[in-house]
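Numbering (my numbering), first residue to last: 264 to 622.
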């Protein structure tokens with residue numbers, strides 16, 4: 264898509280938020296691409312490169328405070344109007360957040376201000392449910408509505424069966440299958456491609472996101488490399504996050520492929536993903552039931568009756584532990600609470616007469 268075709272759009276709710284935040288002190292713009300230390304934005308003046316003011320850099324307390332693709336920012340201009348500087352950012356109405364790759368406990372904002380999260384995965388007879396549930400948990404926490412987008416359906420003769428199975432398992436989450444290469448099933452995206460809507464497109468490398476962008480824009484917007492031998496996956500070519508305006512007026516926020524998607528602190532995302540477990544838990548004997556070995560646990564009873572899979576409960580516990588661990592590393596109050604808890608446990612262990620006899 265030609266960059267000159269990008270237009271600036273802000274709905275009435277955002278306009279009201281903008282006026283409350285900045286009035287007419289700054290010119291509104293939206294970040295269309297971020298390159299680490301440089302940004303491209305679109306405003307009423309069109310698309311242009313932008314940098315940050317010194318004040319903005321000084322006030323940013325963490326990497327997540329810096330603008331990301333999809334953010335609505337306030338611009339200042341040099342006297343000759345040739346240099347644009349980002350001097351403000353309005354509160355994000357949605358944000359896809361993950362733990363940054365590596366061992367450090369750092370929050371990484373992947374995308375901002377979107378309405379829907381398209382979770383792209385290549386359709387196969389045996390879908391990796393754990394991967395889908397991880398993405399769904401992050402999507403529900405983001406503030407956007409998740410949509411499962413199964414790609415490359417032309418390579419899977421059983422794709423219709425897979426879609427029906429996932430629709431049953433995922434309890435109300437929309438699931439569609441497409442083939443961007445063969446231009447099949449793209450009309451299934453129409454409910455979410457209304458003018459002004461923003462769709463964040465996420466998924467691992469090589470699942471066909473760039474091919475989808477090209478199909479929706481009706482031209483070669485993104486480079487696509489050949490399919491690898493052996494696993495049928497493409498080699499991902501997107502290296503930065505970019506906001507792309509589609510012909511019908513919707514915006515697609517494309518992101519690079521992610522080797523891992525570490526959960527950040529969750530706010531109900533895991534619970535929303537495992538809706539069946541949460542529903543069953545309401546019937547447990549104890550309100551604080553952990554669904555491990557408690558008597559009267561409705562969740563464990565469902566597993567015994569084979570109406571709930573053990574795999575699902577195991578992954579539910581795993582994601583909850585992961586989110587709790589991240590929170591304990593980043594929330595000072597919770598970190599102190601966990602530290603005090605383990606101090607008590609260790610003290611009790613040292614005083615346990617049985618353990619003392621074992622020394």
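No residue lacks a Cβ here, since even glycine has one placed at the ideal position from N, Cα and C.
**Message:** Taking the beta carbon of residue 400 as the centre, do at least 16 other beta carbons fall within 10 Å, making it buried, or is it exposed?
**Reply:** By the C-beta density criterion, residue 400 is buried, having at least 16 other C-beta atoms within 10 angstroms.
**Prompt:** Can residue 297 and residue 360 be called in contact, C-beta distance under 8 Å?
**Reply:** For residue 297 and residue 360, no; Cβs fall outside 8 Å.
**Asked** Relative to the C-alpha of residue 350, which residue among 339, 356 and 357 is closest?
**Response** Taking only the C-alpha atoms, the option nearest residue 350 is 339.
**Request:** Run the CB neighbour count on residue 508, radius 10 Å, all protein chains shown included, and call it buried at 16 or more, exposed below.
**Result:** Buried is the call here.
**Prompt:** Is the CB-CB distance between residue 452 and residue 439 below 8 Å?
**Reply:** For residue 452 and residue 439, yes; Cβs fall inside 8 Å.
**Prompt:** Helix, strand or coil for residue 326 per DSSP?
**Reply:** DSSP places residue 326 in helix when its eight states are reduced to three.
**Message:** Short of 8 Å in beta carbon distance, which residues of its chain neighbour residue 322, apart from the five on each side in sequence? Order them along the chain.
**Reply:** 328, listed in sequence order.
**Message:** I need the boundaries of the alpha helix (DSSP H) containing residue 473, first residue and last residue.
**Reply:** That run of the alpha helix (DSSP H) goes 472-480.
**Item:** Chain-order list of residues whose beta-carbon lies under 6 Å from that of residue 272 (same chain, five-residue window excluded)
**Value:** Annotation for residue 272: 459 place their beta carbon closer than 6 Å to its own, counting only its chain and skipping 5 residues before and after.
**Prompt:** What are the start and end residues of each continuous beta strand (DSSP E) run of 3 or more residues lying completely inside the stretch 380-419, in chain order?
**Reply:** Counting only runs of 3 or more, we get 408-414.
**Inter-residue spacing [alpha-carbon to alpha-carbon] between residue 408 and residue 343** = The C-alpha of residue 408 lies about 42 Å from the C-alpha of residue 343.
**Asked** Which partner residues does residue 507 have in the DSSP bridge list?
**Response** According to DSSP, residue 507 shares a beta bridge with 515.
**Message:** Judging by CA-CA distance, which residue of 295, 348 and 384 is the nearest neighbour of residue 334?
**Reply:** Selected option, being the one with the closest Cα: 295.
**Item:** Same chain, Cβ closer than 7 Å to residue 207, five either side skipped, listed in chain order
**Value:** The requested residue 207 does not occur in the structure, where the chain is confined to residues 264 to 622.
**Request:** Could you check the C-alpha separation between residue 390 and residue 425 for me, to the nearest Å?
**Result:** Each residue's alpha carbon lies about 8 Å from the other.
**Prompt:** Expressed to the nearest angstrom, what Euclidean distance is found between the alpha-carbon atoms of residue 505 and residue 545?
**Reply:** Spanning the two alpha carbons is a distance of roughly 42 Å.
**Asked** Residues in its own chain within less than 6 Å of residue 313 by CB, not counting five upstream and five downstream?
**Response** Cβ neighbours of residue 313 beyond the five flanking positions: 302, 304, 347 and 349.
**Message:** I need the straight-line Cα distance from residue 461 to residue 380, nearest angstrom please.
**Reply:** Their backbone Cα atoms lie some 9 Å apart in a straight line.
**Message:** residue 476 and residue 517 - do their beta-carbons sit closer together than 8 Å?
**Reply:** Residue 517 is a Cβ neighbour of residue 476, given a cutoff of 8 Å.
**Message:** Only counting the same chain, and skipping five residues up and downstream in sequence, which positions put a Cβ closer than 7 Å to that of residue 291?
**Reply:** Hits under 7 Å: 273, 281, 306, 335 and 337.
**Which listed residue (345, 569, 543 and 402) has its alpha carbon closest to that of residue 559** = Checking every option, the nearest Cα to that of residue 559 belongs to 543.
**Request:** Would you please state the rounded distance, in angstroms, between the beta carbons of residue 412 and residue 422? I believe it to be under 8 Å.
**Result:** Their Cβ separation, rounded to whole angstroms, is 12 Å, which puts residue 412 and residue 422 out of contact at 8 Å.
**Request:** To the nearest angstrom, report how far apart residue 416 and residue 319 are at their CA atoms.
**Result:** Cα atoms of residue 416 and residue 319: separation of roughly 46 Å, rounded to the nearest angstrom.
**Asked** Cα separation between residue 270 and residue 309?
**Response** Their backbone Cα atoms lie some 7 Å apart in a straight line.
**Request:** Would you list the residues sitting across from residue 428 in a DSSP beta bridge?
**Result:** Residue 428 is not bridged to any residue.
**Asked** Which one of 431, 445 and 278 has the shortest CA to CA distance from residue 419?
**Response** For the set 431, 445 and 278, the Cα lying nearest the Cα of residue 419 is the one of 445.
**Prompt:** Using CA coordinates, which residue listed in 455, 384 and 441 is at the minimum distance from residue 465?
**Reply:** 384 is the residue among 455, 384 and 441 whose C-alpha sits nearest the C-alpha of residue 465.
**Item:** Integer Cβ distance of residue 456 from residue 402, believed to fall under 8 Å
**Value:** Actually they are not in contact, since the Cβ atoms of residue 456 and residue 402 sit about 18 Å apart, beyond 8 Å.
**Asked** How long is the line joining the alpha carbons of residue 583 and residue 537, rounded to whole angstroms?
**Response** Taking the CA atoms as reference points, residue 583 sits about 11 Å from residue 537.
**Asked** In whole angstroms, what is the alpha-carbon distance linking residue 276 and residue 283?
**Response** Rounded to whole angstroms, residue 276 and residue 283 show a C-alpha spacing of 11 Å.
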